[in-house]
Structure formats: C-alpha cells, structure tokens
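Protein chains in written order, with UniProt numbering: chain P, 1 to 730; chain Y, 1 to 501.
The beta carbon of each residue, even a glycine, is placed where N, CA and C say it ideally should be.
This is the structure we're talking about:
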C-alpha cells in the first residue's frame with residue numbers, strides 16, 4: 001500500500017509547486033499584466049490537475065488489476081485527497097485577494113502616516129514662521145505707534161501691510177497646497193474605490209470559478225466513485241449471477257428429476273387407479289347383480305307374504321267370528337266361573353287356616369327334630385371321639401400286641417441266630433455273619449413310616465444340629481431321620497434358618513412379641529411353625545420338598561420365571577424318586593450320604609428366598625388339594641404285615657434248617673457218643689475218686705495212727721465223689 | 001359560502017333516502033334483467049349526482065353507474081373540502097386550526113395565504129411550509145441555514161430587522177416595532193441590523209458635508225443624532241442570543257454625510273445598558289461603527305461578568321490601546337471564547353495587555369487582531385503568553401508589522417504549544433530567516449492545521465515545507481477524528497482504508 005501513499009505525496013508536491021507560482025503573480029494585483037499572468041498560470045494549473053486526474057485514473061486502472069476488493073474505497077480515498085487539495089487551493093486563491101488588499105491597506109497606512117507626519121511638521125514649521133512673522137509685525141505696530149511723522153508712519157504701515165500680505169500669502173499657499181493634497185486624495189479615493197470594486201469583482205469571479213470548479217470536480221469524482229462502485233457492483237452482480245445460475249441449474253435439474261419421479265408416480269397411481277376402478281366396477285356389478293337377485297327374491301317373498309297375509313286375514317276374520325261366539329260363550333262361562341271362584345275362595349280361606357295350623361305344627365315338629373338332630377350330632381361326636389379313642393386304643397393295643405409278638409419273634413429269631421451262630425462258629429467252625437434284613441430292625445407295626453408332622457421334624461433337626469457340634473459322627477451314623485440323603489441336616493437347618501429370617505412377614509406380630517423372651521432354638525421353632533402353617537406345609541414330605549426345592553433352585557443359578565415352572569413340573573416325579581431313594585439309602589446308609597455333596601445353602605441369596613417361596617407355594621398348591629381327602633382317611637395298610645411276618649418266619653432259610661437238621665442228627669450221634677464217653681468218664685472219675693479216696697484213706701491211716709481220721713475222710717471223699725459226678729453231669 | 005354549504009348537505013340527506021329506494025329497485029332490476037341500455041333513463045340524473053355523496057352507497061352504486069357516460073366524481077367537491085376552503089377563506093376572522101384532524105390541518109396550511117396578519121398566524125401556526133411560503137414571497141434569497149434551519153425564525157428575524165432598519169427616530173412610531181414583540185419574542189434568536197437611520201434633518205445641511213471636517217462638526221452640533229434605542233425591544237426578546245449591529249447607513253449614494261455614520265455617546269450608553277440587561281446574549285457584534293476607545297470602554301464595562309457572552313466582535317472600528325486594555329480586562333472577567341478586534345488601531349501596549357490577559361486565560365479559543373499595528377513588541381508579548389496558554393486554537397495576526405523576532409519566539413511556541421490549530425501571519429515582514437525559524441518550529445509541531453504566511457517575505461521553499469508539514473498534521477487530525485483509539489502515522493495508507501471499509 002505504500003505506492004499510493006508516496007504518489008499522494010508526489011501529487012501534493014506538484015500541487016504546492018503549482019500553487020506557489022499562482023501566488024506569486026497574484027500578490028501585487030495592482031498590475032493588470034501580472035493578474036493576467038496569474039490567470040494563465042491558474043489555467044495551466046487546472047490543466048495540469050486534469051492531466052493528473054487522467055493519470056490517476058490510469059493508476060486506478062492499474063490498481064484495479066492489483067486489488068479489486070478495495071477499489072471503491074481506494075477511489076474514495078483518492079477523491080477525498082484530491083478534493084481536499086482543491087478546496088484548500090481554492091480558498092487560498094480566494095483569500096489571496098483579501099490578503100493583497102490587507103497589505104495594500106498597510107502600505108497605505110504607512111504612507112499615510114508618513115505623509116501626515118510630514119504635513120504636521122510642515123504645518124508646525126509654518127505656524128512657527130508665521131508666528132515669528134506675526135510677532136515681528138506686532139512688534140512693528142508698537143514701533144509704528146511711536147512714529148509721529150506721517151511719512152514714517154505710512155512707511156511703517158506699508159511695510160506692515162507688505163508683511164501681512166506675505167503672511168497671508170504664505171497661509172494661502174499652505175491652504176492651496178493642502179487643498180491640492182485633498183484633491184489628489186480624493187482622486188486617490190476614487191481610484192481606490194474603483195480598485196476595490198475591481199477586487200471585489202475579481203473576488204466574485206474567483207469564487208464563482210472556484211464554486212464551478214469545485215462543483216465540476218466533485219461531480220467528476222462522484223462519477224469516478226460511482227463508476228468504481230458500479231464496476232464493483234457489476235462484478236459482484238456477475239459473480240452472484242453465475243452463482244445464481246449454477247444454483248438455478250442445479251435446482252432445475254433437481255426439479256426435473258422430481259418431475260420425472262412425480263410423473264412416474266402419477267402413472268403408477270393412474271394404473272393403480274384404473275385397476276382399482278375396474279375392480280371396483282366389477283365388484284359393483286357383482287354386488288348389483290346380487291342385490292338385484294336379492295330384490296327379486298324379496299319381491300317374491302313379498303308376494304308370498306301378501307298371499308299369506310290375505311290368507312291370514314281371511315283366517316283371522318273367521319277366527320274373529322269364532323271368537324265372538326266364543327266370547328259370548330265365555331261370558332256365560334265367566335259367570336259360572338265367578339260363582340266357582342266364590343266357592344273356591346271359601347275353600348281357600350279354609351285351606352289357609354288349615355295351612356297356618358299346619359305351619360305351626362311343622363314348626364314345632366321342626367324344633368323337636370332339630371333338637372333331636374343336635375342331640376344326634378352330639379352323640380355322633382361323642383361316638384367319633386369314642387371311636388377315635390378306640391382307634392387309638394386299638395392302635396396301641398395293636399402296637400403292643402405287635403410289639404409283643406415282634407419281641408417274641410425277635411427273641412426267637414435272636415435265639416435262632418444265636419443258635420445259628422453257635423452252630424456256625426462252634427460246631428461248624430465257619431464264620432458267621434448276621435443276616436441283615438430290613439424287617440429285623442423294624443419296631444412297631446409296619447406303616448408308610450408314620451408321617452411325622454413338619455414341626456416334629458423341625459424339632460428334631462434343630463435338636464440334632466445342636467448336638468452336632470459335640471457328637472457329629474455319632475449323629476451322622478444314627479441319623480434315623482429319613483432325610484433325603486443329598487440333603488444333610490446341616491443344609492436343611494441352614495435353609496430353614498434362612499427361611500425363618502427372610503419370611504418373618506408370615507408370622508403374626510403378636511407371636512413375635514411373645515417370642516422375644518424365648519430361647520433361640522425355641523424361637524426358631526415357633527417361628528418356623530407359624531411360617532409353615534402359613535405356607536401350608538404340614539407333613540414331612542412337604543418339608544423335604546421345600547428343602548429340595550431350595551436346593552434345586554440353587555442349582556439353576558439364576559432361576560427365571562420359566563425355569564421355576566420347569567422346576568415345579570420336576571417336583572412331581574421328584575417325589576417318587578425321593579421315596580425310592582429313601583429306601584435305597586436306608587439300606588446303603590452311610591455310603592450314599594452326600595454323594596453329590598450339595599453346595600452349602602449359603603449360596604442362596606437371601607433376596608431369592610421370597611421368589612423361591614412363591615414358586616414353591618404355587619407349585620405345592622395343586623397336589624395338596626387333590627391329596628387332602630385321602631389324608632383324612634388314613635386306613636392302615638396291612639398288605640405288608642403278612643409279608644413281614646412271613647419274612648420273620650423265614651428268617652432262617654431252609655438251607656440252614658437243613659443244615660441244622662443234618663447237624664442235629666450228627667450232633668445227636670455225637671451226643672450219644674459223648675454221653676457214653678461221659679458215662680465212662682464218670683465211671684472213670686468215680687473210680688479214680690474211689691481210688692484217691694482209698695489212697696487217702698490209706699495214707700491217713702498210714703500217717704495218723706489216730707483212729708478217727710478214716711471216718712471223716714470217708715465222708716469227705718464221699719462228698720467229693722458226688723461233687724465230681726455233678727460236675728461231669730454238667 | 002354558508003348558504004351554499006347548507007343546501008347540498010340537506011339535499012344530500014333528502015336524496016339519500018330516495019336513492020336508497022332507487023338503488024334497491026334498480027339493483028333488483030339489474031340482477032333480474034341484466035344490463036340494460038336504457039339504464040340512465042331509469043334513474044333521474046340529479047338524484048345520481050347527489051347520491052354519490054352518501055359515502056356508503058357509492059361502492060354499491062358504482063357497479064350500475066359505471067356505464068353512465070355523464071357520471072363524474074368532480075361535480076361537487078367533498079364536504080370536507082368545502083369546509084376547509086371556508087376555513088381558509090375566513091382564517092383571518094376565525095382561525096380554526098388546532099381542532100382539525102392532522103390531514104385537514106395540513107390542507108388548511110397549504111392553502112392559507114402568506115399575507116395573513118401576523119397577529120393571527122404568529123403564535124398559531126408552527127408549520128414550516130407555511131412560513132417558508134411567507135419567506136419566499138417576501139425575500140427572493142433566503143438562507144434558512146443561517147437561522148437554525150427554521151423558516152419561522154427566519155421570517156420573524158428578518159421581519160424585525162427590516163423594521164429596525166427602516167425606523168426613523170422621532171418620525172416613525174416606536175409602537176410599530178413594540179407591537180410586534182408579543183408575536184416574535186419566542187422565535188427571534190438573532191438580530192442582525194446593518195443600518196440605523198438617523199433622525200430626519202433639514203435639507204439645508206447636504207452641501208456642508210463636502211467639507212472634510214464636517215463630520216466632527218456635525219457631531220458637535222447635533223447631540224440629538226441618536227438612533228433607535230434597542231433597549232425595550234431587546235428586553236422583550238427572551239431568546240435573543242446574537243446581536244449584530246452596524247451603526248451606519250447603506251446606499252446613501254451622493255447624499256453622503258459624515259453625520260449619517262455616527263455612533264453617539266447616547267447610543268453607546270443605551271446600547272451598553274441594553275446588552276447588560278440581556279442575559280441570554282451569546283454573541284455581540286458591533287462593527288464599522290466608529291467605536292473609539294471611550295465608547296469601547298463603556299460597552300466593555302457593561303459586558304464585564306456577563307453570564308452568557310461568548311463572542312465579542314468589535315472589528316472595523318477605531319479602538320486603540322485603551323480599548324484593547326479594556327478588552328483584556330474583559331477576557332479575565334467573562335467566559336469569552338471569541339474576540340475579534342480586526343482592523344482597529346491597537347498598538348504594542350494594547351497587545352501587551354491582551355497578551356497578559358491571555359497568558360492565564362482558559363476560555364478564549366480565537367483571537368483576531370488582523371490589520372492592527374502591534375509590531376514586534378506586541379507580537380513577542382503574545383508569543384510569550386502562548387507559551388503558557390492551553391486554550392487558544394486560532395490566532396490571526398495578519399498585517400501587524402511583525403518581523404523576525406516575533407517569528408523566532410513563535411517558532412519556540414510552535415514546539416511547545418499543542419492546542420493551536422490555526423495561525424495567520426500574512427502581510428507581515430517575517431523575512432527569510434524568520435521563515436526558516438518558523439519551519440524549524442513547525443517540524444516539531446503535530447497539531448497545527450493552518451499556517452498562513454502569504455506575503456510575509458518568507459522564502460518559497462520554507463513556505464512549501466511548512467505546507468507539507470501542515471498537510472501531514474491535517475491527515476493525522478483526520479485519522480484521530482475517524483478513530484480516536486490509535487494514533488498512527490497518517491501516510492501508512494492502511495489507515496484511511498480501515499475507517500472507510
């Protein structure tokens with residue numbers, strides 16, 4: 001951007017250079033030639049300015065190519081500078097006249113002052129000289145007064161006159177001089193006036209010229225600026241137009257595309273419409289035909305209906321006639337009936353009274369019957385009680401008898417076993433193994449293992465687990481609780497505890513308050529009792545089911561609702577299997593224990609307990625309902641009794657019996673031999689004893705010369721001999 | 001007009017009912033029978049012409065009447081038009097304007113005659129267009145811009161000036177002017193009177209004027225040559241701000257007499273009391289009126305401590321050093337911003353006293369001492385004063401016989417002072433060396449925008465260089481005015497583009 005600036009400076013220089021020569025000649029505008037020169041110079045300056053403007057334009061053109069953007073602003077800036085310069089020069093040109101007049105005035109003043117001073121001086125001199133002369137004249141008057149000679153006086157007077165005349169002459173001369181001066185001044189004034197008017201004319205001319213010039217240049221500059229703006233605008237317009245056209249073309253293309261799409265669509269739609277129309281038309285025709293047919297049918301029906309109507313009308317008319325007649329008849333009958341009604345009313349009244357009476361009677365009867373019924377019910381209840389009592393007693397008796405028999409049988413069996421053992425060990429020298437049958441361990445009457453109530457089991461479980469710490473092994477061995485073996489008592493307990501903790505809402509609040517002072521175990525027990533009663537768990541099976549359910553639930557890690565249903569379905573067959581397993585496990589005892597080693601119930605999250613419970617209750621509900629009546633009639637099943645007893649009888653198998661028989665005969669034989677031998681031995685012994693007694697006696701006799709000895713010894717010997725005989729017998 | 005107005009309205013009322021009936025019947029016909037060529041015969045012409053005026057019907061009627069070739073809307077003007085016309089005609093007797101609707105007001109104003117008496121229009125009409133018409137009618141050339149852009153103000157000011165100009169004391173009735181006072185008091189802000197007529201004299205004097213000393217004699221002989229006393233008038237003008245007076249006679253031609261151009265002591269005293277009483281006065285000009293030292297002192301004394309005065313112009317008078325001293329006193333006793341003593345007889349002592357007052361003045365912006373004779377002593381004193389002054393922006397010392405010593409001091413001032421924007425030293429004897437010194441001073445100055453050295457014997461080279469520096473300063477000033485935030489050097493050429501673009 002420096003070039004334009006420096007150019008501006010250059011232009012300014014030129015301007016100054018030009019303006020100064022203009023100043024030069026115009027200063028002293030006294031001289032008309034100079035003024036003409038000044039004007040010429042001015043014209044030259046103007047031409048120069050025009051030339052420069054053209055140059056500027058050229059430069060402008062150059063710049064345009066360089067920078068299009070700021071063309072207008074540049075043009076504006078240039079114009080501004082140019083115009084400012086023009087205005088400055090113009091005002092200078094105009095004020096030049098004023099300045100010139102000013103200096104002329106100053107010159108005039110200086111001159112005036114000088115002239116004034118000279119004039120004053122002159123006047124003063126004049127006054128002085130004239131005063132001197134006057135003094136001289138006045139002095140001479142005195143002189144003249146002293147003259148007494150008229151000749152002298154006349155002389156004096158004449159000289160005085162001459163002097164006075166000279167004085168007056170001088171004055172007059174002065175006056176005329178001054179007047180001359182005044183006249184010249186007047187002329188000068190007129191000249192000045194003329195000059196001033198000329199100046200003013202010039203001033204006006206210059207101003208006008210200036211105004212014109214300024215107007216012209218302003219217009220020109222304006223036109224240049226406008227041109228610049230126009231060009232810029234044109235460019236902008238063209239660029240915008242191009243853009244616009246491009247956009248328009250794109251738009252048109254799109255429009256065309258859309259139009260084509262639209263036409264296609266329209267055609268499609270038209271086709272569809274036509275199709276639809278044809279279809280509709282066909283349908284319409286069909287419907288029309290159908291409807292017309294319907295109409296025909298309906299018309300036919302209408303005809304028929306009309307015919308029937310006619311028929312009916314005739315019939316009805318006939319009927320009407322008939323009915324009229326009947327009506328007449330019926331009036332007769334009515335009167336008859338009325339009479340009848342009266343009669344019947346009478347009878348009705350009678351019957352009502354009878355009925356009331358009967359009601360009373362029946363009420364009484366009813367009361368009596370209800371009392372009877374109550375009594376009977378009471379009796380029935382008592383009977384039931386008695387029956388239950390008897391049943392219990394029967395049961396007891398049955399059990400006692402059973403136990404007695406069983407004891408007896410077991411005694412026998414044990415004896416038999418003992419015998420068998422003895423036989424085996426002692427006689428046969430064989431190792432004996434005690435046969436282990438289920439019925440051997442059975443105590444009491446055989447039943448489906450009398451269902452223990454859930455609470456009892458609970459108690460057991462709790463008690464057992466309590467003891468567990470001390471005698472774990474023992475409890476395991478003797479855990480006669482028939483828990484499903486995959487479930488240890490421990491897990492059961494834990495599950496129950498969990499249940500107890502989680503489903504406290506099932507327990508009544510009153511109960512909870514009562515439970516507070518109780519022991520921990522009891523507390524759990526009561527709580528669980530309440531919970532089970534709420535859940536509907538009564539029997540042991542239910543409890544096991546519950547426990548099982550819990551465990552299985554845990555097996556399915558995250559049981560969703562679908563799995564729960566599958567669990568429930570699995571519950572049913574699971575029961576049976578449980579029973580079977582129970583049997584097997586009861587035989588297998590310890591081996592099966594925790595075969596699958598159930599993971600500890602700790603893994604059941606407390607939060608899941610409720611879900612499980614819900615699923616369980618849902619699953620449990622159905623079987624419970626069906627089983628309920630069966631349970632009420634608990635008929636003892638004695639099918640297995642005979643079997644049991646049979647089994648008891650055949651506790652010693654036939655082979656052993658045979659063995660025994662054989663052994664018996666052999667032993668009998670052996671016994672015989674032994675008895676013989678015993679007899680022999682006894683004989684031998686007695687003989688030996690006799691021998692020894694005799695030896696003793698002999699010895700006594702030998703040793704003691706006293707005589708009484710042999711009597712005592714004899715007795716003792718007799719005694720010893722009897723004792724030995726007894727020993728042998730044994 | 002009253003009668004003519006009444007009858008049509010009545011007839012309109014009576015006709016409208018008939019036309020209603022006509023219309024309904026014709027409308028029925030039109031709809032039933034369609035276009036009929038005999039339509040005009042159906043409706044009688046007079047009823048039509050009246051009927052159009054019942055405004056509501058016009059539109060419905062038009063459908064039918066459009067075929068009527070005689071139909072014309074211009075037959076009778078609208079009632080409002082008539083009323084407005086009437087109001088305009090009787091405006092002088094019964095001025096109704098404020099009660100009208102705005103558009104009607106405008107119509108009335110457009111039609112009012114500019115010759116209406118001022119008693120009616122002065123306080124009633126504010127419309128510029130009306131006053132513009134009044135002005136254009138009376139004066140061919142009107143510079144409304146010189147009167148604050150208000151035509152009404154222009155009218156009243158020029159009217160009043162005219163009256164004063166042609167007032168002849170003791171023959172013209174003073175009531176002529178004073179009667180106007182209530183109407184123009186709110187609008188006149190400036191009085192510019194360039195002529196005060198003297199009292200009428202006996203026609204035996206004229207030849208006496210030929211004598212050169214008759215002026216002074218007339219002054220002696222005729223103490224009664226007083227001019228119009230402005231006191232009452234100025235006291236009445238409550239908004240007067242500018243007073244521009246010339247005690248002289250224009251266009252006297254060959255009737256020239258010295259006593260026509262007299263500013264008597266009586267005039268002076270009365271003027272002094274007048275301007276003292278006028279507290280709104282901001283500008284006071286008394287030029288070309290032969291004000292000598294004594295009169296100047298009387299006037300200036302009355303202006304001491306004036307509350308509003310800002311500009312005092314006593315150019316083209318006969319004020320000498322004493323008057324200048326009085327002006328200097330005024331400088332320190334008022335808020336004067338512009339003082340013009342051009343073309344007087346102030347010499348060195350007067351200039352020194354002015355310089356003394358100027359040294360510590362904080363109000364004066366412009367001082368004009370053109371065409372005096374303060375010479376180097378006065379010039380030096382002023383230059384010294386300018387070294388401390390921080391307020392003066394314009395100084396005109398053209399034609400004051402200044403020479404090199406003053407230039408030397410002024411060059412020092414130029415380096416120090418930052419408030420001066422314009423100095424005029426034209427028509428002095430600065431000389432070549434003085435010019436060089438001024439150039440040196442200019443090289444350090446960044447604020448001066450105008451420096452006139454024409455015809456002061458300065459070398460062209462230094463004048464040119466000074467011109468260059470001024471140009472630079474002007475550019476910088478322009479930059480500052482455009483964006484006062486940053487002061488960049490003027491010829492970086494980026495500068496001018498930024499504010500433009």
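Inside the stretch 265 to 296 of chain Y only - beta strand (DSSP E) runs reaching at least 3 residues:
283 to 286
Do residue 341 of chain Y and residue 319 of chain Y have their beta-carbon atoms positioned less than 8 Å apart in this structure?
yes
Taking the continuous alpha helix (DSSP H) assigned at residue 423 of chain Y, which residues delimit it?
Taken as a continuous stretch (DSSP letters only), residue 423 of chain Y belongs to no alpha helix (DSSP H), being part of the beta strand (DSSP E) at 422 to 424.
Assumed close pair residue 494 of chain P, residue 507 of chain P - CB separation to whole angstroms, cut-off 8 Å:
Between residue 507 of chain P and residue 494 of chain P the Cβ distance is about 19 Å, and since that is not below 8 Å, they are no contact.
Three-state secondary structure assigned by DSSP to residue 257 of chain Y:
coil
Would you check if the distance between the CB atom of residue 651 of chain P and the CB atom of residue 422 of chain P is smaller than 8 Å?
no
Does the pairing of the stretch 356 to 371 of chain Y with the stretch 380 to 394 of chain Y give three or more beta-carbon distances under 8 Å?
yes
What does DSSP give as the partner residues of residue 192 of chain Y in its beta bridges?
Y:244
For residue 169 of chain P, which of P:130, P:245 and P:205 has the nearest alpha-carbon?
P:130
Identify, in the order they occur along the chain, each residue of the same chain with its Cβ nearer than 8 Å to the Cβ of residue 424 of chain P, setting aside the five sequence neighbours on each side.
430, 431 and 432
Is the number of C-beta pairs between the stretch 255 to 270 of chain Y and the stretch 180 to 193 of chain Y that are closer than 8 Å three or more?
no
Confirm, please, whether the CB-CB distance from residue 346 of chain Y to residue 386 of chain Y is below 8 Å.
no
Which residue wins for smallest C-alpha separation from residue 452 of chain Y, given the options P:88, P:124 and P:346?
P:88
Work out the CA separation of residue 662 of chain P and residue 724 of chain P for me, nearest whole Å.
Confidence is the limiting factor: at residue 724 of chain P the pLDDT is only 45, short of 50, which leaves the residue's position unreliable and the question unanswerable from this model.
Burial state of residue 481 of chain Y (16 or more Cβ within 10 Å):
exposed
Would you say the stretch 350 to 362 of chain Y touches the stretch 306 to 326 of chain Y, given that touching needs at least three Cβ pairs under 8 Å?
yes
State whether the stretch 408 to 426 of chain Y contacts the stretch 437 to 447 of chain Y, with contact taken as three or more CB pairs (one from each stretch) at a distance under 8 Å.
yes
For residue 157 of chain Y, the nearest candidate out of Y:114, Y:241, Y:466 and Y:196 (CA to CA):
Y:241
DSSP state of residue 500 of chain P, grouped into three classes?
helix
Cβ contact (3+ pairs, closer than 8 Å) linking the stretch 198 to 212 of chain P and the stretch 75 to 94 of chain P:
yes
Hey, is residue 399 of chain Y's beta-carbon within less than 8 Å of any beta-carbon in chain P?
yes
So, residue 167 of chain Y versus residue 130 of chain Y, is the Cβ gap smaller than 8 Å?
no
Of all the alpha helix (DSSP H) runs that stay within the bounds of the stretch 312 to 364 of chain Y, which reach a length of 4 or more residues?
321 to 332 and 348 to 359
Cα-Cα separation, residue 220 of chain Y to residue 264 of chain Y
Summary for residue 220 of chain Y: the model assigns pLDDT 42, below 50, so the residue's position carries little reliability; its value from the coordinates is reported in the next sentence. Each residue's Cα considered, the two are about 10 Å apart.
Report the partner residues of residue 368 of chain Y according to the DSSP bridge assignment.
Y:340 and Y:396
What are the boundary residues of the beta strand (DSSP E) that includes residue 450 of chain Y?
450 to 452
Given that a residue counts as buried once 16 or more other Cβ atoms are within 10 Å of its Cβ, and exposed if not, what is residue 642 of chain P?
exposed
For residue 407 of chain Y, which residues of its own chain have a beta-carbon under 6 Å away from its beta-carbon, when the five flanking residues on both sides are left out?
430, 434, 437 and 438
Any Cβ of chain P within less than 8 Å of the Cβ of residue 252 of chain Y?
no
Quick check on the burial criterion: 16 or more other C-beta atoms within 10 angstroms. Buried or exposed for residue 646 of chain P?
exposed
Residues from the stretch 356 to 384 of chain Y in contact with chain P, defined by Cβ distance under 8 Å
370, 371 and 373
7 Å Cβ cut-off: residues of chain P touching residue 453 of chain Y
Those do not exist, as residue 453 of chain Y stays about 10 Å from chain P at its closest Cβ, beyond 7 Å.
Is it the case that the Cβ atoms of residue 255 of chain Y and residue 198 of chain Y are separated by a distance below 8 Å?
no
Are the CB atoms of residue 422 of chain Y and residue 402 of chain Y within a distance shorter than 8 Å?
no
Does the stretch 232 to 251 of chain Y come close enough to the stretch 288 to 306 of chain Y that 3 or more CB-CB pairs lie under 8 Å?
yes
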